[in-house]
Every structure is written in C-alpha cells, then in structure tokens.
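Asker: Quick note, the sequences are listed as chains Y and F, same order. Numbered per my numbering, the first sequence spans residues 182 to 604. Numbered per my numbering, the second sequence spans residues 182 to 604.
There are 2 protein chains.
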Amino acid sequence: MERLPGFRDFYPEPLPSRDAGWSFNARQYIFNQWRETARRYSFHEYDGPPLESLELFTTKSGDEIVGQLYNFTDKGERTVALRPEMTPTLARMVAAHERNYKKPIKWFAIPQLFRYERQQKGRLREHFQFNADLIGETDPAADAELIALLIDTLRSFGLTEQDFVLRLSSRNAWHEFYEGGRDGVSPSLESAEYEFFQTIDKLERTPPEESEKKLSALGFSLADVNQFIESGKPTTELQRILDNLAARGLREFVKVDYHVIRGLAYYTGVVFEAFDVKGEFRAIAGGGRYDNLVKLISGGKVDLPALGFGMGDVVLLELLKARGLLPKFDAVVDVFVLIEDENIRPQSLKLAQDLRAAGHAVEYPLMPAKPGKQFKRAQELKATFTARLGSDSQVWIKNLKTREEKTVSLAETLLYFPCKAGI
Amino acid sequence: MERLPGFRDFYPEPLPSRDAGWSFNARQYIFNQWRETARRYSFHEYDGPPLESLELFTTKSGDEIVGQLYNFTDKGERTVALRPEMTPTLARMVAAHERNYKKPIKWFAIPQLFRYERQQKGRLREHFQFNADLIGETDPAADAELIALLIDTLRSFGLTEQDFVLRLSSRNAWHEFYEGGRDGVSPSLESAEYEFFQTIDKLERTPPEESEKKLSALGFSLADVNQFIESGKPTTELQRILDNLAARGLREFVKVDYHVIRGLAYYTGVVFEAFDVKGEFRAIAGGGRYDNLVKLISGGKVDLPALGFGMGDVVLLELLKARGLLPKFDAVVDVFVLIEDENIRPQSLKLAQDLRAAGHAVEYPLMPAKPGKQFKRAQELKATFTARLGSDSQVWIKNLKTREEKTVSLAETLLYFPCKAGI
Numbered sequence: 182m183e184r185l186p187g188f189r190d191f192y193p194e195p196l197p198s199r200d201a202g203w204s205f206n207a208r209q210y211i212f213n214q215w216r217e218t219a220r221r222y223s224f225h226e227y228d229g230p231p232l233e234s235l236e237l238f239t240t241k242s243g244d245e246i247v248g249q250l251y252n253f254t255d256k257g258e259r260t261v262a263l264r265p266e267m268t269p270t271l272a273r274m275v276a277a278h279e280r281n282y283k284k285p286i287k288w289f290a291i292p293q294l295f296r297y298e299r300q301q302k303g304r305l306r307e308h309f310q311f312n313a314d315l316i317g318e319t320d321p322a323a324d325a326e327l328i329a330l331l332i333d334t335l336r337s338f339g340l341t342e343q344d345f346v347l348r349l350s351s352r353n354a355w356h357e358f359y360e361g362g363r364d365g366v367s368p369s370l371e372s373a374e375y376e377f378f379q380t381i382d383k384l385e386r387t388p389p390e391e392s393e394k395k396l397s398a399l400g401f402s403l404a405d406v407n408q409f410i411e412s413g414k415p416t417t418e419l420q421r422i423l424d425n426l427a428a429r430g431l432r433e434f435v436k437v438d439y440h441v442i443r444g445l446a447y448y449t450g451v452v453f454e455a456f457d458v459k460g461e462f463r464a465i466a467g468g469g470r471y472d473n474l475v476k477l478i479s480g481g482k483v484d485l486p487a488l489g490f491g492m493g494d495v496v497l498l499e500l501l502k503a504r505g506l507l508p509k510f511d512a513v514v515d516v517f518v519l520i521e522d523e524n525i526r527p528q529s530l531k532l533a534q535d536l537r538a539a540g541h542a543v544e545y546p547l548m549p550a551k552p553g554k555q556f557k558r559a560q561e562l563k564a565t566f567t568a569r570l571g572s573d574s575q576v577w578i579k580n581l582k583t584r585e586e587k588t589v590s591l592a593e594t595l596l597y598f599p600c601k602a603g604i
Numbered sequence: 182m183e184r185l186p187g188f189r190d191f192y193p194e195p196l197p198s199r200d201a202g203w204s205f206n207a208r209q210y211i212f213n214q215w216r217e218t219a220r221r222y223s224f225h226e227y228d229g230p231p232l233e234s235l236e237l238f239t240t241k242s243g244d245e246i247v248g249q250l251y252n253f254t255d256k257g258e259r260t261v262a263l264r265p266e267m268t269p270t271l272a273r274m275v276a277a278h279e280r281n282y283k284k285p286i287k288w289f290a291i292p293q294l295f296r297y298e299r300q301q302k303g304r305l306r307e308h309f310q311f312n313a314d315l316i317g318e319t320d321p322a323a324d325a326e327l328i329a330l331l332i333d334t335l336r337s338f339g340l341t342e343q344d345f346v347l348r349l350s351s352r353n354a355w356h357e358f359y360e361g362g363r364d365g366v367s368p369s370l371e372s373a374e375y376e377f378f379q380t381i382d383k384l385e386r387t388p389p390e391e392s393e394k395k396l397s398a399l400g401f402s403l404a405d406v407n408q409f410i411e412s413g414k415p416t417t418e419l420q421r422i423l424d425n426l427a428a429r430g431l432r433e434f435v436k437v438d439y440h441v442i443r444g445l446a447y448y449t450g451v452v453f454e455a456f457d458v459k460g461e462f463r464a465i466a467g468g469g470r471y472d473n474l475v476k477l478i479s480g481g482k483v484d485l486p487a488l489g490f491g492m493g494d495v496v497l498l499e500l501l502k503a504r505g506l507l508p509k510f511d512a513v514v515d516v517f518v519l520i521e522d523e524n525i526r527p528q529s530l531k532l533a534q535d536l537r538a539a540g541h542a543v544e545y546p547l548m549p550a551k552p553g554k555q556f557k558r559a560q561e562l563k564a565t566f567t568a569r570l571g572s573d574s575q576v577w578i579k580n581l582k583t584r585e586e587k588t589v590s591l592a593e594t595l596l597y598f599p600c601k602a603g604i
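1) May I ask you to report which of helix, strand or coil DSSP gives residue 428 (chain Y)?
2) In chain order, what residues of the region 405-436 of chain Y put their CB closer than 7 Å to some CB of chain F?
3) Kindly list, in the order they appear in chain Y, the residues whose Cβ is closer than 7 Å to that of residue 221 (chain F).
4) Residue 328 (chain F) versus chain Y: which residues are under 8 Å apart at the beta carbon?
5) Can you confirm whether residue 584 (chain Y), when its beta carbon is compared against all beta carbons of chain F, has any partner nearer than 8 Å?
6) For residue 464 (chain F), tell me which candidate among F:579, F:348, F:354, F:508 has the shortest Cα-Cα distance.
7) Would residue 668 (chain F) pass as an interface residue toward chain Y - the criterion being a Cβ-Cβ separation below 8 Å?
8) State yes or no: is the beta carbon of residue 193 (chain Y) nearer than 8 Å to at least one beta carbon in chain F?
9) Could you check the C-alpha separation between residue 424 (chain F) and residue 538 (chain Y) for me, to the nearest Å?
10) In chain order, which alpha helix (DSSP H) runs of at least 4 residues are fully inside the region 252-287 of chain F?
11) Consider the Cβ of residue 182 (chain Y): report whether some Cβ of chain F lies at a distance smaller than 8 Å.
12) Counting only runs of 4+ residues fully inside the region 523-571 of chain Y, write out the alpha helix (DSSP H) ranges in chain order.
13) Applying the criterion that 16 or more other CB atoms from any shown protein chain within 10 Å of the CB defines a buried residue, is residue 193 (chain Y) buried or exposed?
14) Report yes or no: is there a C-beta of chain F within less than 8 Å of the C-beta of residue 205 (chain Y)?
15) If residue 126 (chain F) and residue 292 (chain F) are in contact, beta carbons under 8 Å, what's the gap, nearest whole angstrom?
16) From F:557, F:586, F:409, F:346, pick the residue whose C-alpha is nearest to that of residue 358 (chain F); which is it?
17) Any heavy atom of the ligand SAM within a distance shorter than 7 Å of the CB on residue 396 (chain F)?
18) Give a yes or no on whether the minimum CB-CB distance between residue 367 (chain Y) and chain F is below 8 Å.
19) Please report whether the beta-carbon of residue 176 (chain Y) lies at a distance below 8 Å from any beta-carbon of chain F.
20) By DSSP, does residue 301 (chain F) sit in helix, in strand, or in coil?
21) Can you tell which of Y:285, Y:388, Y:225, Y:513 has its C-alpha closest to the C-alpha of residue 317 (chain Y)?
22) Could you give the DSSP three-state label for residue 383 (chain F): helix, strand or coil?
23) Hey, residue 503 (chain F) and residue 461 (chain F) are a contact pair by Cβ (cut 8 Å); roughly how many whole angstroms apart?
24) Could you spell out the range, first to last residue, of the beta strand (DSSP E) harbouring residue 495 (chain F)?
25) Assign residue 254 (chain F) to buried or exposed, taking buried as 16 or more other Cβ atoms, counted over all protein chains shown, within 10 Å of its Cβ.
26) CA-CA distance, residue 438 (chain Y) and residue 342 (chain Y)?
27) DSSP on residue 229 (chain F), reduced to helix/strand/coil?
28) How big is the Cα-Cα spacing for residue 598 (chain F) and residue 235 (chain F)?
29) Considering only their Cβ atoms, is the gap separating residue 290 (chain F) from residue 228 (chain F) smaller than 8 Å?
30) Please list the terminal residues of the continuous alpha helix (DSSP H) segment that includes residue 396 (chain F).
31) Taking the straight line between their C-alpha atoms, what separation do you get for residue 609 (chain Y) and residue 446 (chain Y)?
32) Nearest by alpha-carbon distance to residue 577 (chain Y): which of Y:550, Y:561, Y:521 is it?
33) Tell me the DSSP secondary structure of residue 332 (chain F) in three-state form.
34) Please classify residue 386 (chain Y) as buried or exposed, where buried requires at least 16 neighbouring CB atoms within 10 angstroms.
35) Any beta carbon of chain Y sitting closer than 8 Å to that of residue 506 (chain F)?
36) Quick check: what's the CA-CA separation for residue 486 (chain Y) versus residue 331 (chain Y)?
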C-alpha cells in the first residue's frame, strides 16, 4: 500500500534513498528554530483543529477556493474541509475569546495545511507553515515588530542579507496611485480597483503588451505604473517601518518593492514577501495587514486590526539545503552499554536504567551478541561512550570520540556521567 | 462561526473560561515529556500523513471500522480517511524501507488521530497519541524494553506506583487455556477462539450470567475462567518480562492481570494496559505484540515481528490535573524594556533587539504609554526584569522577583543578561 500522492512520510536518520522519504529531524529542526525565535519575540503558541467547517474558508476567500480544498460532508451532514490556511481559524479563535487577552495579541502556530492541487511532479498537497500574527494594533510599529520577527526567524537558520531580501510594499500606496490616476478618465466600479491590483500582482509574469492593454482599459498606462514602481519611494507608513527596522539594525534586509501586492483579496495595508536573493525559489514567506478579517469572520461582533505572515517548510528546506545550512542529524546515543557476560545482564540493565534516569540517551544489545558485534553497533550509532560492567562490579568506560578509557566502580559511574541539564 | 463538535482549540495562557479552550502549553508540556523519555530510550521520531488511503485501515481492521472514520472520496476519486490510529502508517513506512534500518527498529510518533464517534458530552473526535513501537525482535526482552519506556514515560510526569499500574497479560496464555479447555467438548471453528477472546475482554463489564452463557456455548465454565484469572500465574514469557523489569527496578509498577486481552483482533502475544490505581479514568495507555501486521500491510513482502503501545493526551491530562501534577504555565518574559522617553525609542528598540539576539524573551510597549502603565504591564506578564534606557545611555535594571535594582552602562547591559544557553 502506498501513501497518497502529494503527502510526505518523515523518517528518522539514516534517510532512505533520495525522494523516498523526508527527514523528521530536519522538520523538527525547522520547527525548533521557529519556536525559539517566536519565544524571543514573546509570541505565544496556539493551535486549532485541522478540520473546520467549510464555511469558515469560503467566508474569507469566496466559493472559488472550494476547488482547491480537501472538502467533504461528514457523518453528521456537516460540510467540512481540511484547513488550507491558518488565518481563518486564528480569526475565529481570537473573536471567540479576545476579551481574555490584552492587546496587542502576539500569537503563532505551526499548522499542517492542505490543498488539493492538480498533480505536478514534486508539487505537494500538504505542508507545514509558521504562522505569526499581531492583533489589535493599527500603528506601523506593529508591522515593524512582525517583520523583524520574520527577518530574525530566517537569520536563526544562518541566512544573511546575502541570501534573502524582504520586499516591502503597501496596498495603501497602490490605492493612492489608483485614486490619483483615474481622475477624469476612468471606471468608477469598486471591482475595478481589485482588477487593477490583480494586474499589478501579475505584472512580472505577464507580457508587457497584455498588461498595457489591461491597464489602459482601467484608465492607466503601463509607463506610469512602471515609473511608480521604479521610484520605489516609500509612503509615510512604509518609511516609519523602515526607520523602526533601521533602529534594530535590520534595515539592510528590506527593500521597498511595489511589485509586491499579494493576490489575496483580503489584505488591507502593508504587504511583504521574503525571497532568496538569487531568485531560485518561490517566495520563502509572505504576509501583510488584514484589518477587516476578524470582523468578517465574527459576523461583525469583534472588530480588531491585524497582520501576519506565513512561512512554509518546503521552500525554506530547499533553500537551507542549497546554501549548505542544514545541520547533520546523527541519531544521538550518549552511552552504549555493552553486555558481554550474560550472567550480569540484570545488573547491566540496571546500569542502563540509572543512566537513562540521569537523562542520558542509552542503547544496549537487546539480545546476546558477540563483543565485536556490540562494539561495532555502538560505533554505527555514533555513540559518545561505551560502558561495560564486569563481574567485579567495575565499569570500563570508553569515549569513542577521544578514545580515552577509564575503569571506575559501579557507584562512581553515575558521577562520571553527570546528570544532564534540564532533566 | 464555531469550531466543529469534538475538536479542540488550544489557547495560550491565560486560558479562557473552563471548557472554552484547551491549554497549548499543557499540550506542549506533555509532548516534551514524551519526546524526552523516548530520547533517553533511544527511540527515534517519525511521522506520516494524517490522510491515508481508506484501504490501509480496512486491511488491518476490516470494513466495520469505516463507520467510525472521517472518510471521503477526494477530487482524484481516491477513497481516503483521516488516520484513526498510527500503526497502519508505521507498518506501511517500515515495510517500504526496512532494509535501510538496523533491527530492532525503535521508533515513536506523536500523531493527531481522528474518529467519528457518536456525539456525547465531552467525547472528543480527535486526540494526540504517543505511539512507540519496537520492530524486528520476537524475544520478550523487546516487550520489557517497550514496557519500561511506557512506565518511565508516566514517571516523567511525577506519577508513581501509587498512581498507576501496568496490567500485563498475554494472548498466548489465553490461547493455551483455550486449547487445553476445549478438549473433547467443543467448537472447532477458528472464529470461536476470537469469540472467546471477546468474551474475556468484556468480562469485567458484563453480568456473570451472560458471560457464563456465552462461555458454556464455547465449551468453558465461568468458574474455570475466573480461577485462571485469579491465579495470575505468569507464563514463562511473562515471567521473563517481569524479571527483566525487576532488574531495572520497575517491577512494582506491573501486575499480571489476565482480564486484559485487548479487543483489537490483531494482537498476537503479550498485551498490556496502564490504569490509574484508583480506577477513576479510562485506560491511560495500551498495547501489545502484533507480529503479523507488517506482513499483512505489505501484502506479504515484509515479515517482521513488532509490538507497540499508544498513550493518549486526554486521559493523561485529566489524571495529571486530578493528581495536581500539571505545572503552571506562565508566559515567559525575561526582560520588559520600558520606553519612557519617546526620543530614545530607536535606541530602546536596539536594546530589545540585542537582548533577543542573546536569547532572551523580550517585550516592550509597541506604542507610547505612561511609565506606570508600562510597569504594570511588565508585572502582569510576570517579566523577570525591567530594563529602562535613559538619555544618558545608562540602563536602569530591576529584578521584579528579588526587587534588586542596578544601573549599568548600555555596553554593560548585555553582560548583565548573559547569553542564554543553547542559543
């Protein structure tokens, strides 16, 4: 039986052949760095159900999203879906209990997300995402705090300004451009602004003639649009964010880039995306302000400004591999207890037990085995120490890294392996 | 919009009103203890997809299980289900790549599992489970190693032999009883043994007359069955496990109890369940040998003996709460940076940045606020320190726990807060 296409198995090291399995340890390493950086920024972790009512997602994104979801009707006749993103769940959770929390709320989650996408080679149908959100503050100081978290998260993996850039933009800037440009000429429909945003969003991937055509239908010229982008002049709001980041020493990671506008309809202000500098990969992370979403999800009951970003595990892992920044994950065995005399297996088991109780990762031969085979196994496992109890109650200890050897009494053994910190 | 019934939201502290939300920190605490104990036992973590082909689960458990699953047909016409248990995924993963791993394989996972159960008050439709398995060894030494892990996992939460007991039993013992007892009398059908096992499994929850009736139809008397159970005489196999656990100093946690037989059809040998001593809760954990499952799942390609256990997060959490063993989870803020002079906000942001870079959890007022309000916020957050940069580049530091105060230069501040270990 096979796993479903687009889903991943995560194996311990040593990994099976390439493409056969993903590394659980690499995944855990990424999660740990995400958690650790969020902790330093005083963001607190939450989680919601991977299964939600379908309505939660269509309320935010419209019915078109259903085509990309794992949705079904459950045995209680509820229309449900596996979560394709975390923000609707967050908005639901915050709206339900916001009075319980002081503002601004700084929360993060590491959900697994699911999308039914047309099958393409290497294209996944699930991934994990670091989601950080800041709720209850409209000031650009909030945007700067969140963007600083994003930058420091990437830095925690050893990535530098040589590796990634945060492209900062603003829907407000484009709104002003739009309002200013259409004077006298142009479409008065509200939906026209959405269409304009969509055209900007696709500008880098669309032939100029086509963009020109679309823009002029909306009352704009491609030349004006390009000039605005190339100016890269920060709005007052963006300038405040840049100054704030400069104070932290993070200015060099950010570039104003009005190409970024984010396709999703619900963004309301500042938007941003992080890319690798060489342009080899898809976006590493993206986010922005969505000041109306909590109100929408709560049916008007709770109105809170908010912004957030998402960072997926797949592009990040590819980037870390490409830059040689992924650590090696050897299975960690602190002490391998050799049992060469089966008569003292019970005492050897007790030694293993005591070492484990002191916090050490301990292995031993489950079944009788020749001394040479046991030692070889300890080496394969890259154990730091071997410890062999003798019939004289003396323990022969060998450090496999330094090759040092020592014989101590059973009573002294635990002193030789001091209790591990944090146990 | 509401979350689906039977699903949980996990909130940061302080928690909303009782029953409104579950504690993310409590969940993470439980996961951390699970991981930490598994590490000491040299079990390695893996994970598979929460969504699998329906066939994976029906192959193991028969078509009856479908009624309890979240199953549906995906957009590619595949019949799929949210995983109700982890063992089939493990068997699939091991069968696919077992040659890559030395035996015995010692793996664990912490999957979220899903069952569509009839709605009852407080009855959940998802939970998390610590799954540990040992694959590739038939000897009872393997059973003892796994049971020791189970016991030490519960002990890592502060639970003692006053709190829980592991009831150890064996399908082999019952098989021998069955084979011995039916001589001359009785049903020769293979399915009769399964029926016999089911009757034993339900013995404690069934009126004696009813059990008597069922047993005599199978050629047994309730008196003989009860006598066998009360004898509690360990088989040779169980005695070896008991001796092994005794060598480790864990004998007092285990009791031979032939009431335990585990309803699931696929167990083949030793079976066990952990219960709270007072009998207030459902089983804390359960498991046993399933030597035929890998072969079944791999369609006969791979044949490996195996055993494992599962420990859910819900009963465990209830038990820890009832015994007062759940720690308090205050949000951790190491340093709250006070910004009383808005002219030096940029320098204060830099201080916050440097402290975070040194590994400290740092908070500061995003927006201008009165000194008293800022200090109150630091206290609410239970910050360990406040640090206030003055216009003279001196930093006033206060330890909110000891009330000690000190003024140091900006350069000295980072020395005062030494770099956190492990950063």
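Every residue, glycine too, gets a C-beta built ideally from N, C-alpha and C.
Answerer: Looking at the atomic coordinates:
1) helix
2) 425, 428, 429, 430
3) 537, 540, 541, 542, 543
4) Under the 8 Å cutoff, chain Y gives no residues; its nearest Cβ is about 13 Å from residue 328 (chain F).
5) no
6) F:348
7) Limits of chain F in this structure are 182 at one end and 604 at the other, which puts residue 668 (chain F) out of reach.
8) yes
9) 19 Å
10) 268-278
11) yes
12) 526-538, 552-561
13) buried
14) yes
15) Past the edges of chain F, shown from 182 to 604, lies residue 126 (chain F), and the structure says nothing about it.
16) F:409
17) Ligands in the displayed structure: none, and consequently the ligand SAM is not present.
18) Low local confidence applies: a pLDDT of 48 at residue 367 (chain Y) is under 50, so the model's placement there is unreliable, with the coordinate-based value given in what follows. No, because no Cβ of chain F sits closer than 8 Å to the Cβ of residue 367 (chain Y).
19) This structure cannot speak to residue 176 (chain Y), because chain Y is shown only from 182 to 604.
20) coil
21) Y:285
22) coil
23) 7 Å
24) Counting along the chain, residue 495 (chain F) falls outside any beta strand (DSSP E), though it belongs to the alpha helix (DSSP H) covering 494-503.
25) exposed
26) 16 Å
27) coil
28) 54 Å
29) yes
30) 389-398
31) Nothing about residue 609 (chain Y) can be read from this structure; chain Y reaches only from 182 to 604.
32) Y:521
33) helix
34) exposed
35) no
36) 19 Å
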